[in-house]
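Numbering-wise, the working numbering puts 394 at position 394 of the sequence shown, and it's gapless, one number per residue. Quick reminder that beta carbons are idealized off the backbone N, C-alpha and C, glycines included.
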Amino acid sequence: MKTSQTLIATLREVPAEAVIASHQLMLRAGLLRKLGNGLFAYLPFGLRAFRKVENIIREEMNNIGALEFRPSVVVPGELWRESGRWETMGAGMLRVTNRVDQELVVSPTAEEAFTSLIRDELSSYKQLPITAYQINTKYRDEIRPRYGVMRGREFTMKDAYSFHADQKSLDETYDNFAVAYRKIFKRLGLSVIPVRADAGAMGGTGSEEFMVESAVGDDTLILCPSCGYAANTEKAACEQDIPLNAEGKPQQKTDKPKEAIDTPNVRTIEELSSFLKTNPQTFIKTLIYKVLNSELDLTKAPGCASLKRVTDTGDAAKFYPVSFFAVCIRGDLDVNEAKLASLLKASEVELACDDDVVRITNAPVGFAGPAGLSSVPVIADESVLVMHDAVTGGLAKDVHFIHVEPGRDFTPFMTGDVRTVVAGDKCASCGAEYYSKKGNELGHIFKLGYKYTKAMNVTYLDENGKLQIPTMGCYGIGVDRALASIIEEHHDENGIVWTMSVAPYQAVIVPIKYEGAMKETADALYEEFKKAGIEVLLDDRNERPGVKFKDMDLIGIPVRVVVGDKNLPNVEIKERAKPEPELIPSSKAASHVKTIIDAALADLNS
Numbered sequence: 001m002k003t004s005q006t007l008i009a010t011l012r013e014v015p016a017e018a019v020i021a022s023h024q025l026m027l028r029a030g031l032l033r034k035l036g037n038g039l040f041a042y043l044p045f046g047l048r049a050f051r052k053v054e055n056i057i058r059e060e061m062n063n064i065g066a067l068e069f070r071p072s073v074v075v076p077g078e079l080w081r082e083s084g085r086w087e088t089m090g091a092g093m094l095r096v097t098n099r100v101d102q103e104l105v106v107s108p109t110a111e112e113a114f115t116s117l118i119r120d121e122l123s124s125y126k127q128l129p130i131t132a133y134q135i136n137t138k139y140r141d142e143i144r145p146r147y148g149v150m151r152g153r154e155f156t157m158k159d160a161y162s163f164h165a166d167q168k169s170l171d172e173t174y175d176n177f178a179v180a181y182r183k184i185f186k187r188l189g190l191s192v193i194p195v196r197a198d199a200g201a202m203g204g205t206g207s208e209e210f211m212v213e214s215a216v217g218d219d220t221l222i223l224c225p226s227c228g229y230a231a232n233t234e235k236a237a238c239e240q241d242i243p244l245n246a247e248g249k250p251q252q253k254t255d256k257p258k259e260a261i262d263t264p265n266v267r268t269i270e271e272l273s274s275f276l277k278t279n280p281q282t283f284i285k286t287l288i289y290k291v292l293n294s295e296l297d298l299t300k301a302p303g304c305a306s307l308k309r310v311t312d313t314g315d316a317a318k319f320y321p322v323s324f325f326a327v328c329i330r331g332d333l334d335v336n337e338a339k340l341a342s343l344l345k346a347s348e349v350e351l352a353c354d355d356d357v358v359r360i361t362n363a364p365v366g367f368a369g370p371a372g373l374s375s376v377p378v379i380a381d382e383s384v385l386v387m388h389d390a391v392t393g394g395l396a397k398d399v400h401f402i403h404v405e406p407g408r409d410f411t412p413f414m415t416g417d418v419r420t421v422v423a424g425d426k427c428a429s430c431g432a433e434y435y436s437k438k439g440n441e442l443g444h445i446f447k448l449g450y451k452y453t454k455a456m457n458v459t460y461l462d463e464n465g466k467l468q469i470p471t472m473g474c475y476g477i478g479v480d481r482a483l484a485s486i487i488e489e490h491h492d493e494n495g496i497v498w499t500m501s502v503a504p505y506q507a508v509i510v511p512i513k514y515e516g517a518m519k520e521t522a523d524a525l526y527e528e529f530k531k532a533g534i535e536v537l538l539d540d541r542n543e544r545p546g547v548k549f550k551d552m553d554l555i556g557i558p559v560r561v562v563v564g565d566k567n568l569p570n571v572e573i574k575e576r577a578k579p580e581p582e583l584i585p586s587s588k589a590a591s592h593v594k595t596i597i598d599a600a601l602a603d604l605n606s
């Protein structure tokens with residue numbers, strides 16, 4: 001391709017809207033342009049790189065036997081009602097109604113579409129396992145899109161879904177995807193950190209995320225320097241530490257009865273620590289949470305007798321649209337809301353408003369406690385179970401309880417790990433101290449189990465002629481985010497430094513002036529490069545050499561071949577990632593550049 005035949009849309013200034021390097025450089029290098037908030041269009045150079053990312057993903061999916069499908073982006077709302085997610089998916093799902101009043105969804109994810117497709121085709125165990133995938137457009141109505149295509153509203157994802165007769169088959173496919181993902185990210189030139197993760201609104205059990213380190217990452221990674229444990233903070237677990245009393249010694253069980261004491265105008269943990277001359281580890285902090293779409297059975301839970309359990313349709317799981325819980329945790333710790341939502345099988349949890357807290361506790365905000373609370377179920381973090389002689393809110397203004405013993409003075413409806421793990425906590429596997437990093441998710445693999453196949457009535461006949469329900473896996477990669485992450489990891493002060501596998505072009509020929517002997521040599525090299533299978537760009541613009549060099553550094557073409565009068569019959573070959581150029585006879589330039597390209601690709605593919 002000659003530059004006169006394409007669009008060079010480079011910018012010298014950094015756009016004010018762009019904060020992170022990938023967003024800045026994608027705009028400055030002319031890879032994309034903004035159409036609206038969270039909506040972007042790829043220009044030719046950006047689309048070439050995007051397609052290469054897409055094709056690497058496709059090749060590795062095909063290599064493990066996945067079959068490519070292409071469902072519609074707009075799908076019937078009735079499928080989402082079948083799965084039970086019509087009401088539970090939240091405001092991020094864009095719902096529309098067509099001219100005949102049919103409810104439709106602009107797909108934020110594709111479990112429903114693929115489950116429906118496989119349901120219509122599956123009849124016998126002999127067809128299993130089936131692994132299907134798409135590389136297709138998604139839309140999520142992000143409340144605050146930012147960082148360019150790193151978090152846009154419309155984006156492209158590779159989604160794969162596998163269907164199995166048993167857990168062993170699912171485990172094998174899950175492991176195959178884990179290996180394939182590592183190959184994909186290696187070929188893209190990305191350094192990923194695989195971590196344990198929360199399955200979130202997708203549901204399921206086994207889950208692993210593939211993260212890239214990022215200063216502006218949406219996720220916090222908890223990492224062990226000793227055994228290699230790695231988890232998203234939404235999933236991370238730590239070694240249970242021993243709570244200490246006011247003297248800094250392990251807490252001891254007390255026989256003293258629970259006692260109410262006056263604590264005038266004392267509400268916070270810090271104020272209580274000062275007032276009672278103790279430390280936050282002696283307090284049981286009680287928070288009232290509003291919980292949306294919990295699938296727990298609350299028929300025997302305190303305060304829940306009047307709650308109505310509903311279902312969208314058919315065999316979809318029953319849920320409570322709104323419920324409230326009191327969540328107890330040690331005073332120096334924080335509740336991890338992702339863990340809490342998972343424990344409560346809910347789509348979302350949020351702190352209750354002040355009015356609801358007062359209604360539930362019959363006390364002002366700041367005085368909630370589990371002892372004597374019967375209006376809502378009490379959830380206790382595991383940290384509470386090993387506490388003794390504790391202090392809690394007294395369910396009355398300016399009152400707290402002392403000498404509270406969990407199990408004696410209150411019995412939780414449910415217990416679990418809802419603690420936010422932080423750097424400095426001890427590794428659950430080896431006891432070493434964790435450290436943390438910020439990161440962005442590039443890929444996520446789940447063992448979904450029967451969540452969708454059961455709700456949507458997917459069946460097959462087993463070898464004995466009996467109807468069975470298949471189990472499912474789900475595997476996603478964000479294509480746009482992967483492309484942006486490559487730029488985040490590979491750039492310098494002059495622009496993008498593409499990995500060879502995804503560069504828009506592998507080499508560029510830059511004549512100092514496109515005339516005379518320089519033009520003849522440049523044209524001859526251009527033809528030789530094309531015959532050698534090199535993806536080459538010829539900069540035939542009537543621009544100053546400095547402008548051409550700056551543009552090609554900004555765009556990030558891996559190899560630059562400069563044709564100048566002073567060096568002929570030699571040409572200057574400069575690799576974008578190396579500081580110094582080298583002079584090569586023009587007659588050997590094509591083979592030399594081909595060797596550079598092949599070596600770079602071989603390293604990425606190894």
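Thinking just about the alpha-carbon of each residue, which of the options is nearest to the one in residue i?
i           : options            : result
residue 20  : 217, 467, 330, 580 : 217
residue 134 : 70, 128, 183       : 70
residue 525 : 188, 84, 589       : 589
residue 402 : 113, 169, 282      : 282
residue 604 : 370, 188, 195      : 188
residue 537 : 577, 45, 161, 50   : 45
residue 365 : 567, 523, 87, 326  : 326
residue 156 : 121, 165, 196, 108 : 108
residue 240 : 420, 585, 191      : 420
residue 616 : 153, 592, 59       : The displayed coordinates of the chain run from 1 to 606. Any statement about residue 616 would go beyond what the structure contains.
residue 120 : 460, 531, 514, 520 : 460
residue 11  : 247, 569, 528, 551 : 551
residue 607 : 518, 172, 22       : The structure shown has nothing for residue 607, since the chain only spans 1 to 606.
residue 167 : 449, 542, 529      : 449
residue 4   : 275, 145, 542      : 542
residue 492 : 578, 194, 506, 39  : 578
May I ask you to report which of helix, strand or coil DSSP gives residue i?
i           : result
residue 512 : coil
residue 487 : helix
residue 253 : coil
residue 102 : coil
residue 134 : strand
residue 146 : strand
residue 499 : coil
residue 162 : strand
residue 3   : helix
residue 200 : Here residue 200 scores only 49 on pLDDT, less than 50, and its place in the model is too uncertain to base an answer on.
residue 388 : coil
residue 462 : coil
residue 357 : helix
residue 19  : coil
Between the beta-carbon of residue i and the beta-carbon of residue j, is there less than 8 Å?
i           : j           : result
residue 555 : residue 511 : no
residue 123 : residue 456 : no
residue 177 : residue 210 : no
residue 427 : residue 380 : no
residue 601 : residue 501 : yes
residue 356 : residue 288 : yes
residue 212 : residue 63  : no
residue 231 : residue 196 : yes
residue 553 : residue 509 : no
residue 278 : residue 405 : no
residue 324 : residue 290 : yes
residue 298 : residue 377 : yes
residue 463 : residue 174 : no
residue 7   : residue 43  : yes
So, under 8 Å CB-CB, residue i and residue j are touching, yes? Tell me the CB distance rounded to an integer number of Å.
i           : j           : result
residue 367 : residue 394 : 6 Å
residue 483 : residue 73  : Incorrect: roughly 20 Å between the Cβ atoms, too far for contact.
residue 559 : residue 571 : 11 Å between Cβ atoms; not a contact.
residue 180 : residue 93  : No, residue 180 and residue 93 are not in contact; Cβ-Cβ is about 29 Å, not under 8 Å.
residue 469 : residue 479 : Going by Cβ atoms, the distance from residue 469 to residue 479 rounds to 32 Å, so no, they are not a contact pair.
residue 294 : residue 244 : About 34 Å separates the two Cβ atoms, so there is no contact after all.
If we count Cβ pairs, one from each stretch, closer than 8 Å, do we get three or more for the stretch 134 to 145 versus the stretch 9 to 28?
When Cβ pairs closer than 8 Å are counted between the two stretches, the stretch 134 to 145 is seen not to touch the stretch 9 to 28, the count staying below three.
* Touching by the beta-carbon criterion (3+ pairs, under 8 Å), the stretch 220 to 230 and the stretch 424 to 436 -> With the cut-off at 8 Å, the stretch 220 to 230 and the stretch 424 to 436 touch.
Take every Cβ of the stretch 260 to 278, pair it with every Cβ of the stretch 346 to 353, and state whether three or more of those distances are shorter than 8 Å.
No: fewer than three Cβ pairs fall under 8 Å.
Please confirm if the stretch 445 to 455 is in contact with the stretch 463 to 481, defined as three or more CB-CB distances below 8 Å between the two stretches. Yes: the two stretches touch, three or more of their Cβ pairs being nearer than 8 Å.
For the 8 Å Cβ check, are there 3 or more pairs between the stretch 394 to 410 and the stretch 335 to 349? Contact between the stretch 394 to 410 and the stretch 335 to 349 is absent: fewer than 3 CB-CB pairs across the two stretches fall below 8 Å.
Requested in this report: Count the CB pairs spanning the stretch 304 to 312 and the stretch 247 to 259 that are closer than 8 Å, and state whether there are at least three.
Outcome: Fewer than three pairs of CB atoms, one per stretch, sit closer than 8 Å, so the stretch 304 to 312 makes no contact with the stretch 247 to 259.
For this session: Would you check if the stretch 415 to 426 and the stretch 79 to 93 touch, i.e. whether three or more CB-CB distances between them fall below 8 Å?
Result: Counting Cβ pairs under 8 Å, fewer than three are found: no touch.
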